[in-house]
Amino acid sequence: MKYVSTRGNAPAIGLGAALVAGLAPDGGLYVPASLPVFNVADFDGCDTLPTIAARLLRPFFAGDALADELDAICAEALDLPAPLRAIAPATWLLELFHGPTAAFKDFAARFLAACLARLRDAGDPVRTVLVATSGDTGAAVAAAFHNRPGFRVVILYPDGRVSPRQAHQLGAFGDNVHALRVAGSFDDCQALVKRALADDVLKRNVALTSANSISLGRLLPQMAYYALAALAHRRAGGAPLNVVIPTGNLGNALGAVLARRLGLPIGEIVLATNANRTLPDFFAGADYAPRASIATLANAMDVGAPSNFERLRWLHPAAADLRHALTAESVDDDAIRATIRRVHAQGGLVVCPHTATALHVLERRRAAGDARDWSVVATAHPAKFESVIEPLLGIALDVPPALSALLARPAHAKPIRADYTDLCAVLTREETAPAQ
């Protein structure tokens, strides 16, 4: 399998090279040159996430040096729970927050780290994994690469625009992980990362790669848990499973879109966003217009210029086709608060603000008479957002053991301006590079 740029002005390359590069040299995102098609029967005998992922991803690894390692990569990285839990008639939660940093991004970050570690030769220079985060990506990447020989992680996050526990996580790893709190928005952080990855002069001095959702190593494994949920639902006698996905940068949602394109039994896909309306406005018929992001309770979705929209347009070049394939709805903070209160009062369910956003969108569907089978994607453990949830519900949240251990560690993040010069100074500083 070869990979090409969404912008069409870069040579086709193999999977390993695309994983290391992160961003194509023309500024585009790498995508598969072709897409395989599966039948449900192709997954007979596969009933765990690692085995389903290995079967699903085999065509994408074909011909690459990593192909013989795929089974081992999946077993190492994806041995995490991803339960599809019934919460109401014809309604399920796909819980993706049972990993080491209590967010869905653990799956893909661990997968990318397992791939890049196998692509590294002993004499290679230290590779810097550069990542912008709106809350959860950074911690997942940090956990996946923490103390891996030959790697350092540099995390950029918007100062004051992630939850207190998310901020503590980002700064608590230490060692080869460096957290930068940027005086700006997530979009500022993302723009800095993209500029660095496209800077040939910088890359001659610093070996860079990305771990944001622009990376193929993040995108490919995210198809697998949608395949797991859809196959389990079909095997239980259900119709194709419809999904509501809370999203900001579109990486997680794109995993579901691609899994459906490959033939998995996934029905309608609805994108649930917060008050950042770039996607809902486009899907309602407006021109695509990135804009400055605004801060909300569902901070991990505070994105005004979603990177993976470029991949969606590659998959559906005609705007009308894209609008037919997906819909998107916006939920404001008042509705998020009300949904958190309501689902707890009705059944004792406690959800994070992002999951509440998706639940609210599904409630609108139910109120309009939609009785089909739906799964809401639960992207983060509510304990990461205790400053929002505990005052709303008047309860103390239990903290998962792995998160509790991180919160017990001291944390430090270096303040920088949303300025490329400041970032380059950090990236080229000798003392931030760990020994090989």
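Read in order, the letters of the sequence shown correspond to residues 42 to 477 in this note's numbering. Built from N, CA and C at the ideal position, the CB exists for glycine as well. No experiment lies behind these values; they were computed from the predicted model shown.
Open item on the list: For residue 472, count the other beta carbons within 10 Å of its own beta carbon; 16 or more makes it buried, fewer makes it exposed. Which is it?
Closed with: Confidence at residue 472 is low in this model, with a pLDDT of 42, below 50, so its placement is unreliable and no value can be given for it.
Open item on the list: In chain order, what are the residue ranges of uninterrupted beta strand (DSSP E) at least 3 long that sit wholly in the segment 312-375?
Closed with: Runs of the beta strand (DSSP E) lying entirely within the segment 312-375, each at least 3 residues long, are 368-371 in chain order.
Task: Pick from 224, 174, 212 that is closest to residue 292, judged by C-alpha positions - done: 174
Task: For residue 389, the three-state DSSP class (helix, strand or coil) - done: coil
TODO: Could you give the DSSP three-state label for residue 132: helix, strand or coil?
DONE: strand
TODO: Over the uninterrupted alpha helix (DSSP H) stretch that includes residue 287, give me the two end residues.
DONE: Run containing residue 287: none in the alpha helix (DSSP H); it sits in the beta strand (DSSP E), 282-287.
Task: First through last residue of the beta strand (DSSP E) which encompasses residue 416 - done: 415-419
Task: Sequence-distant residues of the same chain with beta carbon closer than 7 Å to residue 223, five excluded per side - done: 197, 198, 199, 200, 229, 230, 457, 459
- [ ] Between the Cα of residue 260 and those of 323, 324, 352, spot the shortest distance and give me the residue it belongs to.
- [x] 352
Open item on the list: If the criterion is Cβ atoms closer than 8 Å, does the pair residue 415 and residue 285 meet it?
Closed with: Yes; because the gap between Cβ atoms is below 8 Å, this pair is in contact.
Task: Counted within 10 angstroms of its Cβ, other Cβ atoms place residue 218 as buried (16 or more) or exposed - done: buried
- [ ] Would you kindly report the start and end of the unbroken beta strand (DSSP E) that includes residue 478?
- [x] The structure shown has nothing for residue 478, since the chain only spans 42 to 477.
- [ ] With a 10 Å radius around its C-beta and 16 neighbouring C-beta atoms as the bar for buried, classify residue 340 as buried or exposed.
- [x] buried
Task: Under 8 Å between C-beta atoms of residue 392 and residue 384 - done: Between residue 392 and residue 384, the CB-CB gap stays under 8 Å.
Open item on the list: Could you check whether residue 295 and residue 349 sit closer than 8 Å to each other, using their CB atoms as the reference points?
Closed with: yes
Open item on the list: Give me, in chain order, the residues of the same chain whose beta-carbon lies closer than 8 Å to that of residue 279; leave out the 5 immediate sequence neighbours on both sides.
Closed with: 414
Open item on the list: Distance check for residue 60 and residue 54, CA to CA, integer angstroms please.
Closed with: Going from the Cα of residue 54 to the Cα of residue 60 covers about 10 Å.
Task: Residue range of the unbroken alpha helix (DSSP H) whose run includes residue 443 - done: 442-448
Task: Where the alpha helix (DSSP H) through residue 234 begins and ends - done: From DSSP, the alpha helix (DSSP H) with residue 234 extends over 227-238.
Open item on the list: Looking at the secondary structure, which residues open and close the alpha helix (DSSP H) in which residue 100 lies?
Closed with: Looking at the DSSP string, the run of the alpha helix (DSSP H) that includes residue 100 is 90-102.
Task: residue 477 classed as buried or exposed, judged by whether at least 16 other C-beta atoms fall within 10 angstroms - done: Unreliable placement is indicated for residue 477, whose pLDDT of 46 sits below 50; the coordinate value is still reported in the next sentence. Its Cβ having fewer than 16 others within 10 Å, residue 477 is exposed.
Task: DSSP state of residue 54 mapped onto helix, strand, coil - done: Residue state, collapsed to three classes: strand.
Task: DSSP three-state assignment for residue 469, whether helix, strand or coil - done: coil
Open item on the list: Report the CB separation of residue 316 from residue 373 in whole angstroms; it is logged as a contact under 8 Å.
Closed with: Yes, they are in contact, since the Cβ atoms of residue 316 and residue 373 sit about 5 Å apart, within 8 Å.
Open item on the list: Using only CA atoms, which one of 412, 263, 376 lies nearest to residue 399?
Closed with: 376
Open item on the list: Please report the straight-line C-alpha distance between residue 47 and residue 56, rounded to a whole angstrom.
Closed with: 15 Å
- [ ] Check each candidate in 396, 106, 448, 118 and name the one with the smallest Cα separation from residue 89.
- [x] 118
Task: Beta carbon of residue 420 nearer than 8 Å to that of residue 287 - done: Cβ atoms of residue 420 and residue 287: closer than 8 Å.
Open item on the list: From the DSSP secondary-structure annotation, give me the bridge partner or partners of residue 44.
Closed with: 54, 73
Task: Integer-rounded CB distance, given that residue 76 should sit under 8 Å from residue 301 - done: Not quite, the Cβ-Cβ distance comes to about 11 Å (not below 8 Å), so this is no contact.
TODO: Go ahead and label residue 306 buried or exposed: buried means 16 or more other beta carbons lie within 10 angstroms of its beta carbon, across all protein chains shown.
DONE: buried
Open item on the list: For the segment 133-146 against the segment 163-182, do three or more pairs of beta-carbon atoms, one drawn from each stretch, fall closer than 8 Å, so that the two count as touching?
Closed with: Short answer: they touch.
Open item on the list: Strictly under 8 Å for the Cβ-Cβ distance: is residue 307 near chain D by that measure?
Closed with: Given the protein chain composition of this structure (a single chain), no chain D is represented.
- [ ] Determine the closest residue to residue 429 out of 234, 204, 221, with distance taken between C-alpha atoms.
- [x] 204
Open item on the list: Within a Cβ cutoff of 8 Å, which residues of the same chain sit near residue 51, ignoring the five residues on either side of it in sequence?
Closed with: 45, 65, 66, 67, 69
- [ ] Give every residue of the same chain whose Cβ lies closer than 7 Å to the Cβ of residue 344, excluding the five residues on either side of it in the sequence, and list them in chain order.
- [x] 175, 227, 228, 289, 290, 317, 334
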